[in-house]
Amino acid sequence: MSKFPKDFLWGGATAANQIEGGWDEDGKGLAGSDMVAYVPKEIRGLKSAAIDVSSDRIDEILSGKFEGRFPKRHGIDFYHKYKDDIALFGEMGFKCFRISIHWARIFPNGYDEQPNEAGLKYYDDMFDEMHKHGIEPMVTLSHYETPLGLTQKYNGWLGREVIAHFVRYAKTVFNRYKGKVKYWLTFNEINMVTMHSAYCGAGVVLDRVEASQQESAKYQALHHQFLASSLATKALHEIDPNAKIGCMLARLHHYALTADPADQRQAQWGNQQNLFFTDVHARGEYPKYMLRHWAENNVQIQKEVGDDEILKQHTVDYISFSYYMSLAVTTHPQEDGDIGGNLLHGVKNPYLKASDWGWQIDPVGLRITLNDMYDRYQKPLFIVENGLGAYDQVENGKIHDSYRIDYLKAHIEQMAEAIADGVDLWGYLEWGPIDLVSMSTSEMSKRYGFIYVDIDDDGNGTGERIRKDSFYWYKKVIASNGEDL
Ligand code: BG6
């Protein structure tokens, strides 16, 4: 008997701004992601994100004065090639494929009264295509794609008005795709809102806020997103009671580097700061530890009467998260200094190896976090991102990516352990099953795919798709329901 439930949802995950392209086609508006220029590694460094967008840069771009390349405007041309790409996912046996609807395709400025029919039709056709191949769509409503119109008019999610615009957008797509989409997510990696501004966060340009108020502004924007997520949850339950809606967290498990209680406490606080987001989504209230932190750090958010009830009444049906690595923290000075992901910081964990981008690879950490999260919430979990960003070599038209297979195999094994531990896990979606533009670096050479895409960091290439060794491996994994690794 398989270690995985018989209806386990194997598949892959993407985001519109990293694959679609077609940035100005069929009435689509601009989003923060369209404003992120490519910065070569020599200038940017390996890890630094280079994804924030300043007010000056937006002005420069809009007035045509900025000369640069914007990879997220072009993606991998999924906008035109989606039928062939979905056929490849079908060939691998995908049960589920996660996309995001690009909000600015449906409401080009974000605040428009009427939706753009061409945008709605595009996703209608795409969902039909998925179903033709027996693939269940999972849809993220907002994956770093806040329309630029909302940034310019309200400073993004800092403006409470944006809640109503988001709910209008959510209701529009829930009504349109009722019966076609069973799995929805509100905000991708909602915890990024407190780390980055216009692009990654919530369409908020932080330099438009007084320095002393910037921390409060991030949490204010987050409060609005929490409310919008709850109201979208309410709307989906009314419009399509058979569908499920969840939240999405970039899960970063923190370990203490030593048994020093001060290190243990630091790790606990790191985990609280990370799980705070799912605490609100799943339990429907702000945890006391965060209220204390705000009070001690002069963070203030404005709430309106009824906000707390909205959060309490409409909690998520399931909890989804991305998992790439873990972090180690310590209060003791370290020679190696800072290491971690592209967005967070920690110290070197001597027991783990890291990817070429410094992300510390930790399959057992996945089992730990699945157990922790299930113990904490007792709600179904869904891994909606996991994978290895790596440099691939094409040799005689083939890509032998055994390193990717090793990474995925080790994580899937730990996932099976967590299920045996009693965790209710609905599915596993590999990040970037087809190579795509990196979120943090806008590189193409940071590849996650089972399918190679012939485009380089400068945007050159034929765009041809090539099946890697991992393609055939994952096909076998799905066909055996996780038995044949
Ligand atoms: C997650 C995001 O943070 O990680 C994705 O939801 C992103 O959008 C993925 O692509 C991997 O990160 P990166 O920076 O390697 O593209």
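Heads up: the sequence shown at position 80 corresponds to 65 in this note's numbering, and the numbers run straight through without jumps. By construction, the Cβ of each residue, glycine as well, lies at the ideal position given by its N, Cα and C atoms.
Checking the 8 Å criterion, the Cβ of Lys431 is within range of a heavy atom belonging to the ligand BG6. Proximity of the beta carbon of Gln345 to the ligand BG6 is not indicated: no heavy atom of the ligand is located closer than 8 Å.
In the three-state scheme derived from DSSP, where H, G and I count as helix and E and B as strand, Phe306 is classed as strand. In the three-state reduction of the DSSP assignment, Lys117 falls in the helix class, which pools H, G and I.
One Cα belongs to Gly78, the other to Asn176, and the distance between them is close to 32 Å. Secondary-structure assignment with DSSP links Lys383 through a beta bridge to Glu380.
Secondary structure remark: continuous beta strand (DSSP E) runs of at least 3 residues inside the region 82 to 147, in chain order: 121 to 127. Per the C-alpha coordinates, the member of Ser425, Arg193, Met358 and Gln3 positioned closest to Asp406 is Met358. For Ile43, the secondary structure class from DSSP, reduced to helix, strand or coil, is helix. Put simply, the region 355 to 372 does not touch the region 436 to 451. Fewer than three CB pairs are less than 8 Å apart. Distance from the C-beta of Gly350 to the nearest heavy atom of the ligand BG6 is not below 8 Å.
Residue environment for Thr447: exposed (fewer than 16 other C-beta atoms within 10 angstroms of its C-beta).
For Met233, the enclosing beta strand (DSSP E) begins and ends at Lys229 to Ala235. Relative to the ligand BG6, Thr354 has its C-beta separated by 8 Å or more from all heavy atoms. Ranked by Cα distance from Pro246, the first of Val314, Asp225, Val190 and Val290 is Val314.
Only buried fits Asn173, as 16 or more other CB atoms lie within 10 angstroms of its CB.
In the DSSP assignment, Arg450 is bridged to Val438. In this structure, Ser423 places its C-beta atom within 9 Å of the C-beta atom of Gly374. Excluding five sequence positions before and after Ala395, the CB atoms of its chain that fall closer than 7 Å to its own CB belong to Pro348, given in chain order.
Here Val301 really is in contact with Ile230; their C-beta atoms are around 6 Å apart, less than 8 Å. Contact check between the region 256 to 271 and the region 129 to 136: fewer than three CB pairs, one atom from each, fall below 8 Å, which does not count as touching.
In the DSSP assignment, Gly350 falls within the unbroken alpha helix (DSSP H) covering Pro348 to Tyr362.
With a beta-carbon spacing of about 19 Å, His118 and Ser85 fall beyond the 8 Å limit used to define contacts.
The C-alpha of Ile390 lies about 23 Å from the C-alpha of Thr426.
Non-local beta-carbon contacts of Tyr108 in its own chain, meaning distances under 6 Å to residues more than five positions away in sequence, involve Ile86 in chain order. Comparing alpha-carbon positions, the option among Val379, Cys81 and Gln258 lying closest to Val166 turns out to be Cys81. For Ile295, the enclosing alpha helix (DSSP H) has its first and last residue at Asp292 to Gln298. Here the distance from the Cβ of Tyr64 to the nearest heavy atom of the ligand BG6 is not below 8 Å. Annotation for Ile451: Tyr437 place their beta carbon closer than 6 Å to its own, counting only its chain and skipping 5 residues before and after. Here Gly434 is near Gly417, since their CB atoms are less than 9 Å apart.
The three-state reading of DSSP puts Ser455 in helix, counting H, G and I together. Rounded to the nearest angstrom, the gap between the Cα atoms of Ile397 and Arg58 is 33 Å.
Shown here for Pro25: same chain residues with a beta carbon closer than 8 Å to its own, the five before and five after excluded, namely Asp442 in chain order. For Leu337, there is no enclosing beta strand (DSSP E), as DSSP marks it with neither H nor E. At least one heavy atom of the ligand BG6 is found less than 8 Å from the C-beta of Glu370. Spatial neighbours of Glu130 in its own chain (CB-CB distance under 7 Å, excluding positions within 5 residues in sequence) are listed in chain order as Ala1, Asn2, Ala16, Ser18, Ser85, His87, Trp88 and Ala89.
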